[in-house]
Amino acid sequence: MKRVINFMGIRHAAFAVTVLLTLVSLGSLAVKGLNFGLDFTGGALIELNYEQPADLAKVRGQLAEAGYGDALVQHFGATTDVVVRLQGDDPQLGNRLAADLDKVSAEQFSVKRVEFVGPAVGEELRDQGGLGMLLALGGILIYVAFRFQWKFGFGAIVSLIHDVIVTLGVFSFFQIPFDLTVLAAVLALIGYSLNDTIVVFDRIREYLKLYPKRDLKENVNNAINSTLSRTINTSGTTLVTLLAIFFFGGETIRGFIFALTVGVIVGTVATIFIATPVAYDLMAKRAKIDKE
111 MKRVINFMGI
121 RHAAFAVTVL
131 LTLVSLGSLA
141 VKGLNFGLDF
151 TGGALIELNY
161 EQPADLAKVR
171 GQLAEAGYGD
181 ALVQHFGATT
191 DVVVRLQGDD
201 PQLGNRLAAD
211 LDKVSAEQFS
221 VKRVEFVGPA
231 VGEELRDQGG
241 LGMLLALGGI
251 LIYVAFRFQW
261 KFGFGAIVSL
271 IHDVIVTLGV
281 FSFFQIPFDL
291 TVLAAVLALI
301 GYSLNDTIVV
311 FDRIREYLKL
321 YPKRDLKENV
331 NNAINSTLSR
341 TINTSGTTLV
351 TLLAIFFFGG
361 ETIRGFIFAL
371 TVGVIVGTVA
381 TIFIATPVAY
391 DLMAKRAKID
401 KE
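This is the structure:
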């Protein structure tokens, strides 16, 4: 006989852990805040092309010597391509940095592009991104409520809010740069987490119809266990792919991939220990009221 894990039996302990993680994340966001990238704060982006593979440590040293010690230096695709990011509100900052770097650099390079994002534009992007996230959560709540019941919709939204807060908390705690690509990853993980939650909710609804006289806790536990292998396989293969891209895909997309990796792990756990328990408690409370 196949062993059934009693997930609902440990839901209170698991929920306490998730609440603690959420509070720690909120605390970090309140104290440290997010390390916003140039997309949100404004500044210059300069792409350089070297004749020989560039030594990033040497480039950073040369920039520090030229007075740009705060610049962020990364490879951009090939080892001969370097992208430099620097916060500031001067539209000529990128051109001035390239000229100053040319004075102290012994290596030959050419400037492929110089871009500038003003602080006002960055603030607008930040506000629009936050609004987009709220609209996505609102649309999900309406969709799940209509497809299932409001109890399932509420559980899904609580879970998704937890996923977003914890993911942002990780970026805040470690002060990892947060730019538009990371915001896109956060929006993507909302959809990914919802997909996993919908699969479990579908199975719960199916079991409630097939076995209406069976205990609610048994139906919910059986539903989670019957989808557990699918959840592990899907999340596992996704993580393997994300880790491969993280280590071999280059520095420019690592923030995006890291956000997705954290989101997949947190979202998978939240489906089992937040979304489903919240829906279960609401259904159990309703069933108790009906009996009375």
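If you want this note's numbering, it's the position in the sequence shown, counting the first as 1, plus 110. Even glycine gets a Cβ: it sits at the ideal position worked out from N, Cα and C.
- Taking the CA atoms as reference points, I314 sits about 20 angstroms from A124.
- The C-beta distance from F226 to A154 rounds to 5 angstroms, short enough to fall under 8 angstroms.
- For the options A174, P163, V224, R121, the alpha carbon positioned closest to that of P201 is the one of V224.
- Annotation for Y317: N329, N332, A333 place their beta carbon closer than 7 angstroms to its own, counting only its chain and skipping 5 residues before and after.
- Annotation for G179: no beta strand (DSSP E) segment contains it, and DSSP assigns it neither H nor E.
- Per DSSP, the unbroken beta strand (DSSP E) holding A154 starts and ends at 153-160.
- Taken through DSSP and simplified to helix, strand or coil, R340 comes out as helix.
- No Cβ-Cβ contact shorter than 9 angstroms links A208 with I250.
- Rounded to whole angstroms, H185 and S345 show a C-alpha spacing of 30 angstroms.
- Ranking S282, K261, G228, V268 by CA distance to the CA of L244 puts V268 first.
- The alpha-carbon separation between G187 and T132 amounts to approximately 36 angstroms.
- Rounded to whole angstroms, the separation of the alpha carbons of L148 and D199 is 11 angstroms.
- In the three-state DSSP reduction, L196 falls in the strand class (E or B).
- Within the segment 346-400, the runs of alpha helix (DSSP H) at least 4 residues long that lie entirely inside it are, in chain order, 364-380.
- Unbroken beta strand (DSSP E) stretches of 3 residues or longer found wholly inside the segment 213-263: 219-227, given in chain order.
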